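J.:
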Amino acid sequence: EVQFDLVLADYLMPDMNGIQFLKQFGKLQPDAARLILSGQADTSALVKAINETHIYRFIDKPWDRVELIGMIEQALAYRNVILENRRLSEAYRAQLNQQYKFKEPGRRYQVLIVDDEPNVLSAIVRDLTSRSTFQELHMILMHEADPEISQNNNEFQFDVYTSTSAMQALLQARQIPCDVVISNYLMPEMDGIKFLEAFREIQPDAVRIMLSGVADKRVLIDAINQLELYSFINKPWREYELKSAVTQAIVYKNLLLDNRRLAQMVK
46 EVQFDLVLAD YLMPDMNGIQ FLKQFGKLQP DAARLILSGQ ADTSALVKAI NETHIYRFID
106 KPWDRVELIG MIEQALAYRN VILENRRLSE AYRAQLNQQY KFKEPGRRYQ VLIVDDEPNV
166 LSAIVRDLTS RSTFQELHMI LMHEADPEIS QNNNEFQFDV YTSTSAMQAL LQARQIPCDV
226 VISNYLMPEM DGIKFLEAFR EIQPDAVRIM LSGVADKRVL IDAINQLELY SFINKPWREY
286 ELKSAVTQAI VYKNLLLDNR RLAQMVK
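All residue numbers for the sequence shown refer to our numbering, where the first residue is 46 and numbers rise by one.
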């Protein structure tokens with residue numbers, strides 16, 4: 046009876062669990078963004094279920110208010126860019142009488158991580174480069190953006206660059222085009238907000254993500270609004286959370302660029 050933009054469901058419920066509910070909800074309203082709350086579910090089982098049912102992300106109980114709001118905003122932004130891509134693709138087909146297919150650049154993606162603690166950098170690189178569910182998640186997201194794309198395609202590859210210096214990272218930004226930049230908030234040369242502001246001046250299309258274990262939540266809200274952060278990740282992070290954020294950021298960027306190209310073609 047009512048169309049929703051987003052649905053947020055608990056995992057443990059008496060009639061059916063959240064995965065079963067969201068699977069049924071998705072059949073009724075496939076375009077609604079879907080998130081799940083979980084405090085007790087086994088993480089590996091939940092990750093598998095999320096991948097199978099196209100749930101955007103899961104949120105821990107007890108949740109952090111800023112994290113919850115940020116996740117909802119991210120999910121809605123991601124949904125909107127997919128819907129805009131679909132609208133522009135239909136306009137392209139109507140004007141040119143041919144099907145437009147979402148094209149992913151045939152290259153390795155570039156991810157830059159900036160943190161003044163070498164052990165943190167090593168841990169992030171380890172989590173991002175372990176294969177596990179990464180390929181599967183990427184192809185699920187690509188298939189969601191364009192159903193013509195096969196979910197058996199395993200060509201998603203990327204290079205990870207690291208820096209313990211914000212100033213050095215800005216020099217790297219002038220030499221290496223990045224798809225995603227991840228910055229810690231507290232750093233000695235400049236904080237993550239100032240760094241990402243400077244980085245945006247050099248590479249405005251790079252998707253920006255902030256890491257934080259101590260940042261004041263009000264600071265993070267301001268950063269999300271002012272910097273157009275795609276996401277922020279709490280320290281300590283979980284491997285799947287980190288991989289989800291990076292994978293979704295890359296697909297999100299590709300869709301934005303694709304929409305820009307389509308908008309030019311269907312003027």
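Quick reminder that beta carbons are idealized off the backbone N, C-alpha and C, glycines included.
Here the structure is a predicted model, which means the values were calculated and not measured.
Buried or exposed: which applies to Asp224, given that a residue is buried once 16 or more other Cβ atoms fall within 10 Å of its Cβ?
T.: Stepping through the sequence shown from its first residue, residue 224 is reached at position 179. Classification for Asp224: buried.
J.: Going by Cα to Cα distance, which pick from Val291, Ile247, Leu141 is closest to Tyr101?
T.: Here the question's residue 101 lines up with position 56 in the sequence shown. Residue Val291 is the option with its Cα nearest to Tyr101.
J.: In chain order, what residues of the same chain have a beta carbon less than 6 Å from the beta carbon of Ile81, not counting five sequence neighbours either side?
T.: Within the sequence shown, residue 81 is the residue found at index 36, counting from 1. Taken in chain order, the residues that qualify are Ala54, Tyr56, Gly63, Ile100, Phe103.
J.: Mind checking whether Ser257 and Glu234 have CB atoms under 8 Å apart?
T.: Here residue 257 refers to the residue found at position 212 of the sequence shown. Here residue 234 refers to the residue found at position 189 of the sequence shown. Not closer than 8 Å, so no.
J.: Since Leu51 sits in a beta bridge, which residues does DSSP pair it with?
T.: Along the sequence shown, read from residue 1 onward, the residue named residue 51 stands at position 6. Per DSSP, Ala78.
J.: In angstroms with no decimal places, state the Cα-to-Cα distance between Tyr154 and Asp204.
T.: Locating residue 154 in the sequence shown gives position 109, where the first residue counts as 1. Locating residue 204 in the sequence shown gives position 159, where the first residue counts as 1. One C-alpha to the other measures close to 6 Å.
J.: Assign Met310 to one of two classes, buried (16 or more other C-beta atoms within 10 Å of its C-beta) or exposed (fewer than that).
T.: As a position in the sequence shown, residue 310 is number 265, starting the count at 1. It counts as exposed.
J.: So if DSSP puts Asp204 in a beta bridge, which residue, or which two residues, is it bridged to?
T.: For the purposes of this step, residue 204 is taken as residue 159 along the sequence shown, with counting starting at 1. Paired residues: Gln155.
J.: For Tyr206, tell me which candidate among Ile169, Glu118, Lys280 has the shortest Cα-Cα distance.
T.: As a working note, residue 206 is residue 161 in the sequence shown. Nearest option by C-alpha distance: Ile169.
J.: Below 8 Å CB to CB, which residues in the same chain sit around Thr174 once its five sequence neighbours on both sides are set aside?
T.: Position 129 of the sequence shown, counted from the first residue, corresponds to residue 174. The answer, listed in chain order, is Val205.
J.: From Ile127, Ala308, Ser167, Phe240, pick the residue whose C-alpha is nearest to that of Ala294; which is it?
T.: Taking the first residue of the sequence shown as 1, we reach residue 294 at position 249. With distances taken between Cα atoms, Ala294 lies closest to Ile127.
J.: Exposed or buried, what is Met232 when buried is set at 16 or more other beta-carbons lying within 10 Å of its beta-carbon?
T.: Taking the first residue of the sequence shown as 1, we reach residue 232 at position 187. By the 10 Å Cβ count, Met232 comes out buried.
J.: Along the chain, where does the alpha helix (DSSP H) that runs through Asn142 open and close?
T.: Indexing the sequence shown from 1 puts residue 142 at position 97. Unbroken run through Asn142: none, as it is neither H nor E.
J.: In this structure, what does DSSP give as the bridge partners for Val225?
T.: Position 180 of the sequence shown, counted from the first residue, corresponds to residue 225. Bridge partners of Val225: Val156, Val252.
J.: Note down, in chain order, each residue of its chain lying with its Cβ closer than 7 Å to the Cβ of Ile114, except the 5 sequence neighbours on either side.
T.: Start at 1 with the first residue of the sequence shown, and residue 114 comes out as number 69. Nothing listed; no residue qualifies.
J.: Would you tell me roughly how many angstroms separate the C-alpha atoms of Val252 and Phe66, rounded to the nearest one?
T.: Start at 1 with the first residue of the sequence shown, and residue 252 comes out as number 207. Start at 1 with the first residue of the sequence shown, and residue 66 comes out as number 21. Approximately 32 Å between the Cα atoms of the pair.
J.: Give me, in chain order, the residues of the same chain whose beta-carbon lies closer than 7 Å to that of Leu300; leave out the 5 immediate sequence neighbours on both sides.
T.: Reading the sequence shown from its first residue, position 255 is the one you call residue 300. Closer than 7 Å at the Cβ level, and outside the excluded window around Leu300, lie Val126, Ile127, Asn130, Ala190.
J.: Can the beta-carbon of Ile254 be found less than 8 Å from the beta-carbon of Leu215?
T.: In the sequence shown, residue 254 corresponds to position 209, counting from 1. In the sequence shown, residue 215 corresponds to position 170, counting from 1. For Ile254 and Leu215, no; Cβs fall outside 8 Å.
J.: Using DSSP with H/G/I as helix, E/B as strand and the rest coil, what is Asn62?
T.: Numbered from 1 along the sequence shown, position 17 holds the residue referred to as residue 62. Three-state DSSP puts Asn62 in coil, outside helix and strand.
J.: Who are the Cβ neighbours of Gln202 in its own chain at under 6 Å, not counting the five residues just before and after it?
T.: Along the sequence shown, read from residue 1 onward, the residue named residue 202 stands at position 157. Around Gln202: Arg153.
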